[in-house]
Every structure is written in C-alpha cells, then in structure tokens.
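Okay, so here's the structure we're looking at.
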Amino acid sequence: MQPPAQSEQHSPLDLELLEIDTHPIFVVRIAESALPFEFVYCNEAFHREQLREPILANTKESLLFRSWAQAWSSERKSQHTFIDRMWSSSFNGTPGRLKMIRATALISEGEEQRDQHELLNAPETLALPLAVNITAVRKSSRESPGDVARKEMPALQRSLPRTNLDARWEGLQTMMEMSDVGVFEYNTEGKLLHANDAWYRLSSHPRDLPAHVQFSFMDLVYPSDQALVLTMWNTLSRGTPVTFEMRWKSSDGSNQAGQWVLSACVPIFDDDGKLISIAGNTIDINAQKKSQEVAQAQVEALEQARLSELKFANFAQLSPTAIYIFVPETGMQYVNDQFFELTGRSRAAIEQFEWTSLVAAEDAERVEEEWKALLKGKKTDGVQFRLKKTWINQDGHRSNIWVQSTSSPQLDKDGQVISIMGTLFDISQFKWAESVQLRRVEEALEAKRQQENFIDMTSHELRNPLSAVLQCAESVIANLEHLTWQLSTNSPAKEDFEKVREELDASIDALHTIVSCSMHQKRVIDDVLTLSKLDSKLIVITPIKVQPEAIVLDALKMFEVECRKMEIQLDFAQDDTFAGFEWVMLDPSRLLQVLINLITNAIKFTKDRPERRISVKLGGSWERPPQMWQAVSFKTEEKSQDDILDKPDWGHGKKAYIWIQVTDTGCGMTEAEQKRLFSRFTQATPKTHVRYGGSGLGLFISKALTNLQGGLIGVSSQVKKGSTFTFFVSTRLVDPPDAAASGRQATMRPSSRRTISSEDAMKAVKLHVLIVEDNLVNQKVLKKQLQKLGWKVSVAGDGTEAIEWLKRSMYWQGPRDKGSSLEQESHGDFEYCQEPLDLILMDIEMPQMDGLTCTRLIRGYEDEGLIRRPTFPPLQRASTLNCPSSTSDTLDSTEGSQRQKMRLPILAVSANARMEQIKQALAAGMDDAISKPFRIPELWPKIRGVIPRLAGTSSGIQ
Numbered sequence: 001m002q003p004p005a006q007s008e009q010h011s012p013l014d015l016e017l018l019e020i021d022t023h024p025i026f027v028v029r030i031a032e033s034a035l036p037f038e039f040v041y042c043n044e045a046f047h048r049e050q051l052r053e054p055i056l057a058n059t060k061e062s063l064l065f066r067s068w069a070q071a072w073s074s075e076r077k078s079q080h081t082f083i084d085r086m087w088s089s090s091f092n093g094t095p096g097r098l099k100m101i102r103a104t105a106l107i108s109e110g111e112e113q114r115d116q117h118e119l120l121n122a123p124e125t126l127a128l129p130l131a132v133n134i135t136a137v138r139k140s141s142r143e144s145p146g147d148v149a150r151k152e153m154p155a156l157q158r159s160l161p162r163t164n165l166d167a168r169w170e171g172l173q174t175m176m177e178m179s180d181v182g183v184f185e186y187n188t189e190g191k192l193l194h195a196n197d198a199w200y201r202l203s204s205h206p207r208d209l210p211a212h213v214q215f216s217f218m219d220l221v222y223p224s225d226q227a228l229v230l231t232m233w234n235t236l237s238r239g240t241p242v243t244f245e246m247r248w249k250s251s252d253g254s255n256q257a258g259q260w261v262l263s264a265c266v267p268i269f270d271d272d273g274k275l276i277s278i279a280g281n282t283i284d285i286n287a288q289k290k291s292q293e294v295a296q297a298q299v300e301a302l303e304q305a306r307l308s309e310l311k312f313a314n315f316a317q318l319s320p321t322a323i324y325i326f327v328p329e330t331g332m333q334y335v336n337d338q339f340f341e342l343t344g345r346s347r348a349a350i351e352q353f354e355w356t357s358l359v360a361a362e363d364a365e366r367v368e369e370e371w372k373a374l375l376k377g378k379k380t381d382g383v384q385f386r387l388k389k390t391w392i393n394q395d396g397h398r399s400n401i402w403v404q405s406t407s408s409p410q411l412d413k414d415g416q417v418i419s420i421m422g423t424l425f426d427i428s429q430f431k432w433a434e435s436v437q438l439r440r441v442e443e444a445l446e447a448k449r450q451q452e453n454f455i456d457m458t459s460h461e462l463r464n465p466l467s468a469v470l471q472c473a474e475s476v477i478a479n480l481e482h483l484t485w486q487l488s489t490n491s492p493a494k495e496d497f498e499k500v501r502e503e504l505d506a507s508i509d510a511l512h513t514i515v516s517c518s519m520h521q522k523r524v525i526d527d528v529l530t531l532s533k534l535d536s537k538l539i540v541i542t543p544i545k546v547q548p549e550a551i552v553l554d555a556l557k558m559f560e561v562e563c564r565k566m567e568i569q570l571d572f573a574q575d576d577t578f579a580g581f582e583w584v585m586l587d588p589s590r591l592l593q594v595l596i597n598l599i600t601n602a603i604k605f606t607k608d609r610p611e612r613r614i615s616v617k618l619g620g621s622w623e624r625p626p627q628m629w630q631a632v633s634f635k636t637e638e639k640s641q642d643d644i645l646d647k648p649d650w651g652h653g654k655k656a657y658i659w660i661q662v663t664d665t666g667c668g669m670t671e672a673e674q675k676r677l678f679s680r681f682t683q684a685t686p687k688t689h690v691r692y693g694g695s696g697l698g699l700f701i702s703k704a705l706t707n708l709q710g711g712l713i714g715v716s717s718q719v720k721k722g723s724t725f726t727f728f729v730s731t732r733l734v735d736p737p738d739a740a741a742s743g744r745q746a747t748m749r750p751s752s753r754r755t756i757s758s759e760d761a762m763k764a765v766k767l768h769v770l771i772v773e774d775n776l777v778n779q780k781v782l783k784k785q786l787q788k789l790g791w792k793v794s795v796a797g798d799g800t801e802a803i804e805w806l807k808r809s810m811y812w813q814g815p816r817d818k819g820s821s822l823e824q825e826s827h828g829d830f831e832y833c834q835e836p837l838d839l840i841l842m843d844i845e846m847p848q849m850d851g852l853t854c855t856r857l858i859r860g861y862e863d864e865g866l867i868r869r870p871t872f873p874p875l876q877r878a879s880t881l882n883c884p885s886s887t888s889d890t891l892d893s894t895e896g897s898q899r900q901k902m903r904l905p906i907l908a909v910s911a912n913a914r915m916e917q918i919k920q921a922l923a924a925g926m927d928d929a930i931s932k933p934f935r936i937p938e939l940w941p942k943i944r945g946v947i948p949r950l951a952g953t954s955s956g957i958q
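Just so you know, we're using the UniProt record's numbering here: the sequence shown kicks off at 1 and counts up by one.
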C-alpha cells in the first residue's frame with residue numbers, strides 16, 4: 001500500500017480560492033478505517049449544479065463514486081468518471097485526513113464509450129498462483145503484503161522450472177475448478193481476471209468475462225451489503241487482508257434473503273510492492289446462517305419470554321390488585337404479594353390453596369359454584385364476595401373485606417382447562433360507600449315519610465282547634481244575638497235573667513275554648529319555628545342571673561287552671577340537693593321551653609288515668625347528674641356542649657348542674673317505645689297521635705335545647721304506672737343581686753303567661769297609641785282591645801300613612817303640606833293631633849312602606865330636628881322577657897345610646913319571630929319587639945319597658 005505523499009498530506013485548503021473556482025468541488029474525510037460518507041465542504045459551483053443528491057443516491061454508480069472518493073490508498077486511480085464529468089482527487093489537511101474531489105471537465109458520450117473500450121481491452125496482469133500468494137501474505141502479520149511478495153517471489157521462481165510452469169498452472173486451475181471453494185481474482189479497476197466454477201455458482205455471475213469490468217460484481221451483491229463490500233475493497237486497497245460475510249442476490253432476482261458466503265480476500269503486490277490485484281475465496285455458509293438464525297430466533301424468543309415473565313412478575317408485584325394463576329393438576333401456581341396482603345393467608349404451601357379457607361361463610365356456596373364453572377372452562381362475569389379477613393371502615397366499625405373476583409380459564413385444543421388466571425380487587429370502600437348511600441337514601445325516604453306524617457299531624461293539630469274556634473265563635477255570636485234580641489223586645493223577667501246568665505256562661509266557656517285552642521295552635525307553630533332554628537343552627541343560649549325556682553313556679557302557674565279543670569294534682573318540691581343553688585346563670589326561656597314541653601306531655605297522658613298526679617322536682621348537683629340516676633336512660637347520641645360554660649357571658653362562678661324531674665301517673669311506656677322517643681317527628685307508637693294528638697316535635701326539641709345548654713334529657717317509665725322525664729343543664733353559681741337590682745332581677749322570669757291583674761295595671765294609665773298595621777282585622781281587634789282599657793288609639797294602614805300622621809301631630813317641626821291627599825281626608829285619625837303620643841305599635845311587613853323603612857325615616861327626621869323629641873324623663877327601662885327568643889341582650893347593647901337620646905317609643909309587632917329578624921328591627925331604630933300572636937296582658941311588660949314615664953310603675957303582676 002502507498003500512503004498519501006507527505007507533500008499532499010500537508011497541502012492546505014484555501015477556501016477562498018475553492019469558493020471562486022468555477023468547477024464543482026467538495027471535501028470529505030478519509031481514514032485507514034471506514035468512515036461514514038459526509039461532505040466537509042462544498043463550493044458554490046457544487047451547490048449551483050445540485051450535485052449532492054446524485055452523489056448520495058443509493059445506486060451502484062453512486063456507491064462506486066463514494067468508495068473512490070474515500071479511498072485512502074494512492075494506488076486507486078486519481079480520476080473517476082461520474083454523471084458526465086471527470087473528477088480528480090488530491091489529499092489535503094494535516095496529516096492528510098481530508099480529500100478534495102474536483103470536477104475537472106465535462107466528457108462527451110463518445111469519450112465515455114472510448115474509456116469503456118480501453119478498459120475492456122486492457123491487458124490482463126498474470127497473477128501469481130492464489131494459494132501461494134495467500135499463504136505468503138499470511139506468514140507474518142508484521143510484514144506488509146508487498147514485502148512478503150518480494151521475499152517469496154525469487155524462491156518460487158527457483159523452485160518452479162520455467163519449462164513446467166504452464167503445465168503446473170493448468171493443473172492448479174483444474175484443482176481449483178474441482179473445489180467447492182469459490183476462488184477469484186480482480187484487478188485494481190474492479191475487473192474480474194479469473195474465477196473457478198464454484199465462485200460463479202455461488203455469486204450467480206455470468207461466465208462472459210469481457211462483461212466483468214468496472215466493479216460490475218456490485219450488481220450481484222445484495223443491496224444492504226453493497227456499502228460493506230465497497231468498504232472492504234477500500235481496506236484491501238490499503239494492503240490489509242479482510243474476511244467478512246456477505247450475501248449475493250438470489251439467482252431468480254427475487255427479494256429473498258440471498259446467498260450467504262464467507263469471503264477471505266488478500267491484496268496482491270508485484271516485486272516493487274505495487275498493488276496489482278485482489279484475490280480471495282468464498283465458501284457457502286447459507287446452511288450455517290439459517291441455523292444461526294433459527295438458534296438466534298430461539299435465543300431471542302427465550303429472552304423475550306424471560307423478559308415478558310420478568311415484566312409480568314414486576315407488574316404483578318407492583319399491582320394493587322391481587323393476582324393468581326391456578327393449575328388444576330398442581331394447584332396454585334403463582335400469587336403476588338398483594339394476594340397475601342388482601343386475603344391474610346400465610347405464604348407457606350400455596351399449592352395447597354383452598355378457597356373455603358379464605359371466603360366468609362355467607363358467600364362460600366356462591367364462590368364454590370363460580371369456581372366449579374371455571375374448572376369446566378366456562379367464562380364468567382366475575383363474582384363479588386366477602387373474605388374472612390376484616391377491616392375498619394370510616395365509621396369505625398369492623399366488617400369483612402369485600403373483593404371483586406375476575407377470572408379467565410385458559411383452554412387447550414380439546415377444551416380442557418390448562419390454567420386459570422384471575423384477580424381479586426378490594427372493593428370494601430365501594431361497598432361501604434354503597435351502604436352509606438343506600439342508608440342515606442333510606443334515611444331520606446324515612447325523613448320524607450316522617451315529614452309527610454308530620455305535615456299530616458300538624459294539619460290535624462291546627463285544623464281541629466280551628467274547627468273548635470269557629471264553632472265556639474258561632475255559638476258566642478248566636479248567644480249574644482239572641483240576648484240582644486231578648487233585651488230589645490221586652491223587659492226581661494226573672495226566668496229570662498236565668499236564661500241570660502246561662503247563655504253568658506256558655507259564651508264565656510266558648511271563649512275560653514277559643515283561647516285554649518289558639519294557644520295550642522301557637523305551641524305547634526312555636527315548635528315548628530324552633531325546629532327551623534335548630535336546623536339552621538340559629539338557636540343562641542343567652543344566660544342571665546336568675547332563680548331556677550322562680551322559673552319552675554312560673555311554669556306551674558301557667559298550667560294551674562288547666563290542671564284544676566282536668567282534676568290533675570300538680571305538685572312541686574325542692575330536693576335537698578338544691579340548697580346553695582338559689583342564684584345561677586341560665587337562659588330562662590330555653591329552660592322554660594323544655595319544662596313546658598314535659599308538663600304538656602304529662603298532662604296529655606295523665607288526664608284520662610284513674611290516678612292523676614304530676615310532680616315536679618328541682619335539684620342541683622356538683623357532678624354530672626347521669627351518674628346519680630341509673631334507672632334513667634339518657635339520650636347521648638349528640639355531643640353535649642360541655643364547654644359552653646367557658647364563654648365569657650357565663651361569668652366565673654363555680655360550675656354546677658341544675659336538674660328537673662317531671663313525674664306523671666300516665667299510661668307509661670315499654671322499653672321499645674322509650675327508644676323511639678326524642679327523635680324528630682317520632683312518638684312512642686303510631687297510635688299516640690291518633691289518641692293523644694301532638695306533632696312529635698316536643699321531645700326532640702327538648703333534647704336539642706338541653707344539649708345546647710350542656711345537658712342531657714332522659715326517661716324512665718313503666719307500663720300502666722307512669723313515666724319520669726329528667727333533664728339537667730350546665731350552669732355557674734352567682735351571688736344574689738344587690739338591693740337596688742333585686743327588684744328588677746326578680747322579675748326576669750319568662751312572662752309567656754300573665755295573670756288577669758295585668759289588665760288592672762293597664763287600665764290605671766292613660767296612653768295614646770298609634771297602631772301601624774295593614775291587616776284590617778288585626779287593626780280593628782287590637783284597636784278595640786286597647787280602647788277597652790281607656791286608651792286613645794290612632795290607626796295608620798302602612799308606613800306612608802304613619803309618616804303623614806306624624807306630620808299632622810304636635811311633634812312635626814317641618815313645613816306642612818297643605819295639598820296632600822291626607823289633608824283632604826275626613827278620617828279622624830288624620831286630623832291635626834295636639835295630644836302627646838306615648839307609643840307606636842309598628843308592624844314590619846306592610847305594602848308601600850314597610851315598618852323598617854318607616855322607622856328609619858322617623859329616626860332620621862328626629863336627628864334632623866323635623867320631629868320634636870318627647871319631653872318625658874330619661875329612659876330607665878326594666879328588662880323583660882316574653883318569647884322563647886330573649887331580646888334582652890340585644891336591647892342592652894343599644895341601651896347606652898338610647899339613654900342619651902329621648903325619642904318616640906316604637907314597638908315592633910310582627911309574626912317574624914326569628915332572632916335575626918328582631919335584630920333587624922332593633923337596628924332600624926325600634927325599641928323592642930313582640931311576636932304575633934300575643935295576648936294583651938303579654939303586651940304590657942313590653943310597653944312598660946319602652947315608655948320612660950312607666951318605668952317606675954308597678955308591674956301589676958301577682
């Protein structure tokens with residue numbers, strides 16, 4: 001091999017000169033080993049003529065040209081014809097690692113044919129015997145092939161007499177023709193010099209030797225091996241022997257795998273060490289290749305199977321689903337870790353697996369049927385069942401684990417089960433959620449049913465008294481009309497007076513019935529309102545300094561007349577434990593509401609019994625009372641508000657408990673009936689409502705209210721002997737009030753029921769009241785009731801009329817509108833009034849202008865000086881309580897500002913009884929509020945509280 005000359009190796013590349021050259025030029029990298037063909041540089045002429053694509057094409061001509069362009073040896077010809085151009089090469093770079101290829105001239109078709117003719121008729125170079133040369137080249141790996149040839153040639157010439165050389169050459173050729181090894185020799189231009197029959201047979205070359213010129217053998221090389229063959233040719237051109245595997249195309253020209261051969265080639269040099277030919281031999285390795293391919297395919301298949309098995313094992317171990325493979329002949333073949341974790345089975349002896357050892361007894365039969373079907377080769381949709389292993393759900397309850405089993409049998413060609421692969425997926429969470437959802441649906445349906453029953457009961461409870469009210473009212477009207485007719489027709493005789501007295505007694509009794517029915521309806525409405533507040537969490541516990549005994553006595557006084565009428569003995573007693581609990585912090589309205597519900601129930605279930613007695617006992621405790629009464633079953637489902645006493649409005653006194661027992665001699669209850677109590681819309685039995693009435697809300701509300709006060713309520717009962725209801729609330733002890741405040745504090749007991757002496761106190765004062773009410777019936781009734789007390793009453797139909805009335809009163813300081821519509825009316829209420837106004841009873845819900853807007857407007861006029869303020873003394877109002885939602889705290893919050901201002905007293909009168917609605921009224925400027933319906937005696941404490949000149953008068957309550 002002749003390496004590039006030193007002068008050529010160091011010839012630098014002047015890119016500026018190359019760029020302005022009009023001939024196409026490109027530069028590639030070269031090396032002793034094969035390199036990928038890539039352009040290092042291309043000049044402008046090369047790009048202009050678009051020569052890149054033809055050179056890189058996958059054709060024989062392009063492959064030969066690229067091989068020539070990257071040839072390392074200088075023995076290859078320095079010029080090459082390609083795409084109608086003559087190309088020349090030169091070595092460049094340092095140290096000769098670049099090769100510049102330049103298109104020197106275009107050639108015509110005649111010149112190309114002449115070149116081809118010269119190549120075809122070039123004298124063949126007589127090659128040395130192949131066996132000798134191959135042996136010579138392989139003697140020493142340290143000597144170049146040229147050196148070996150020069151050393152061996154003289155010895156060979158001496159050993160072979162000249163006269164026998166031709167005969168021996170013919171004998172050698174005959175031996176080569178008889179061999180199964182293909183032998184060939186090519187000159188340096190790629191022209192076949194000679195080859196034996198085996199080589200022609202293996203390569204499918206035609207035997208027409210003149211056609212084997214200019215690398216024509218490349219046409220028979222398998223396409224994917226052409227680049228390899230040219231790389232090997234360049235390696236041989238550098239003087240390096242090579243051995244490689246390649247493929248010849250199939251003889252039929254099909255695209256099959258081709259003929260595999262193993263080629264061993266060596267370069268042949270002359271005495272001067274110049275490369276003169278390439279010789280080699282090939283052997284058929286097609287059978288070995290096929291065996292290798294089969295073996296390789298088997299190895300790859302085994303490796304693929306191993307990788308698939310490894311992937312499956314990794315997947316199975318990482319899967320959150322339990323996976324198993326069962327073989328009928330040998331038992332359980334494989335299970336993953338999740339299987340053991342899910343089922344709780346030990347890892348020992350999995351082949352002895354039995355489903356019955358894992359499945360809960362309730363589902364064992366169903367699972368066994370499913371497994372038998374799988375063993376018969378039937379595909380199933382899977383089954384859900386419970387395991388013996390348990391778990392703790394979100395409710396804190398322990399239950400069996402639920403799993404979803406999905407299995408698939410693998411069958412052989414005869415339909416017999418080879419194996420069963422299946423999974424177990426934990427669906428316990430879904431089952432729990434499903435049960436919760438189902439339970440909630442059932443609860444919702446039950447709540448709907450109870451609500452419907454409640455509506456039916458409420459309708460019954462409201463309609464029945466309403467029927468009695470209508471009938472009694474008709475009876476009173478008829479009696480009074482008859483009495484009026486008798487008195488107007490003639491002078492009544494003595495017997496007529498007796499008859500009149502009887503009718504009056506009947507009328508009074510009917511009116512008492514009306515009052516009783518109305519109060520019953522009010523209690524039902526109050527229960528519904530309280531229930532709404534409980535559902536909305538709007539109930540607020542407001543503690544004040546009270547005497548528990550006074551609250552109990554007030555409750556008993558409410559039922560005095562009713563119990564006397566029904567011949568029920570109503571007793572009260574203080575327990576010995578009450579000593580020291582005389583003054584405590586409590587919400588009296590909430591305590592009273594619970595006690596009223598219990599006494600009402602006691603009366604309802606005792607009034608028809610042979611023995612009729614109700615006993616109320618009051619006591620105190622330093623310990624939580626449930627520890628004292630083992631016989632009482634307390635309802636503890638809800639968390640008691642034990643920390644309620646830590647709030648600042650409860651003070652800092654010693655913590656304690658106040659308890660109350662209500663014992664009756666009623667019909668009693670069984671244990672099953674007792675368990676049904678204290679639930680919403682629920683009574684002891686379905687027959688209870690039919691026989692005794694009621695909405696089923698009283699005890700539920702009582703339980704909720706005691707719970708809000710840090711207490712509990714419970715019951716102890718015996719059938720036909722009676723029941724004892726016990727409840728307690730949390731409290732703090734306080735010191736008795738001083739003398740100055742004792743009078744006021746002593747009256748701070750609920751005043752839902754007042755005695756008739758209130759009427760005397762109301763008659764003792766003369767007041768002027770403006771009623772602002774849009775309902776004509778309520779307006780008319782309230783006006784007559786107040787006029788009966790001797791009071792002066794004015795009426796306005798809404799807020800607009802109330803403002804017009806004030807503009808015609810002595811309080812108006814602004815201009816008077818002479819043209820207003822009210823000026824032209826003749827109604828007495830709208831004439832100019834020069835009498836002082838003591839109170840405005842303001843309804844809230846009214847057309848045109850509601851009560852809140854009217855009140856804000858009045859307070860605005862007062863601040864602007866358009867309405868003159870009253871001249872009575874500063875406000876000194878005693879706190880009073882009327883309805884279950886006490887407003888005393890809210891009133892106290894505004895009392896300081898009211899003391900600084902004297903203004904027209906405004907009392908809100910509305911059916912809106914919720915605390916937030918009362919707060920809205922107070923915020924608008926009203927001084928207090930009373931809820932409809934109410935009795936006139938209940939109005940008096942409110943009036944005393946808002947009218948300054950009545951603050952020091954007696955309450956009139958005995």
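Note that CB positions come from ideal geometry on N, CA and C, so glycine has one too.
Sub-8 Å separation of residue i and residue j beta-carbons
{"i": "Ile658", "j": "Val584", "result": "yes"}
{"i": "Leu904", "j": "Ile858", "result": "yes"}
{"i": "Val594", "j": "Thr706", "result": "yes"}
{"i": "Ala573", "j": "Asp664", "result": "no"}
{"i": "Asp270", "j": "Ile276", "result": "yes"}
{"i": "Asp927", "j": "Leu950", "result": "no"}
{"i": "Arg238", "j": "Glu32", "result": "yes"}
{"i": "Gln70", "j": "Asn234", "result": "yes"}
{"i": "Ser507", "j": "Leu480", "result": "yes"}
Span of the alpha helix (DSSP H), counted from its first residue to its last, around residue i
{"i": "His47", "result": "44 to 48"}
{"i": "Gln674", "result": "671 to 675"}
{"i": "Ala802", "result": "799 to 807"}
{"i": "Asn393", "result": "Counting along the chain, Asn393 falls outside any alpha helix (DSSP H), and DSSP gives it neither H nor E."}
{"i": "residue 970", "result": "In the structure as shown, the chain begins at 1 and stops at 958. Residue 970 is therefore absent and cannot be evaluated."}
Candidates the options, of which the one nearest residue i by Cα
{"i": "Ser910", "options": "Ala796, Val772, Trp812", "result": "Val772"}
{"i": "Pro320", "options": "Ala305, Arg440, Val769, Asp337", "result": "Asp337"}
{"i": "Leu699", "options": "Asp426, Pro736, Val528", "result": "Val528"}
{"i": "Phe315", "options": "Ala297, Val335, Glu303", "result": "Val335"}
{"i": "Glu38", "options": "Asp21, Glu49, Ser67", "result": "Ser67"}
{"i": "Asn58", "options": "Glu498, Ile25, Ser224", "result": "Ser224"}
{"i": "Trp622", "options": "Ala579, Arg609, Ile644", "result": "Ala579"}
{"i": "Ser107", "options": "Ile101, Trp87, Asn92", "result": "Note on residue identity: the sequence assigns Ile, not Ser, to residue 107. Of the listed residues, the one whose Cα sits closest to Ile107 is Trp87."}
{"i": "Asp587", "options": "Ile539, Gly620, Val221, Gln779", "result": "Ile539"}
{"i": "Leu839", "options": "Glu916, Ala929, Ala761, His80", "result": "Ala929"}
Span of the beta strand (DSSP E) around residue i
{"i": "Ile544", "result": "544 to 546"}
{"i": "Glu185", "result": "182 to 187"}
{"i": "Trp260", "result": "259 to 269"}
My parser needs the beta strand (DSSP E) runs of 3 or more residues fully inside the segment 305 to 379; what are they?
Within the segment 305 to 379, the complete beta strand (DSSP E) runs of at least 3 residues are 322 to 327, 331 to 335.
Is the number of C-beta pairs between the segment 377 to 395 and the segment 348 to 366 that are closer than 8 Å three or more?
Yes: the two stretches touch, three or more of their Cβ pairs being nearer than 8 Å.
If you pair each beta-carbon of the segment 186 to 204 with each one of the segment 290 to 300, do three or more pairs fall below 8 Å?
Because the criterion of three Cβ pairs below 8 Å is not met, the segment 186 to 204 and the segment 290 to 300 do not touch.
Determine, using beta-carbon pairs with one atom in the segment 543 to 560 and one in the segment 615 to 622, whether at least three such pairs fall under 8 Å.
Judged by Cβ distances under 8 Å, the segment 543 to 560 makes contact with the segment 615 to 622, as three or more pairs qualify.
Check whether the segment 923 to 937 touches the segment 848 to 857, taking contact to mean three or more Cβ pairs, one atom from each stretch, closer than 8 Å.
Pairwise C-beta distances place the segment 923 to 937 in contact with the segment 848 to 857, as three or more of them are shorter than 8 Å.
Any contact between the segment 421 to 433 and the segment 397 to 409? By contact I mean 3 or more CB pairs, one from each, below 8 Å.
The segment 421 to 433 is in contact with the segment 397 to 409.
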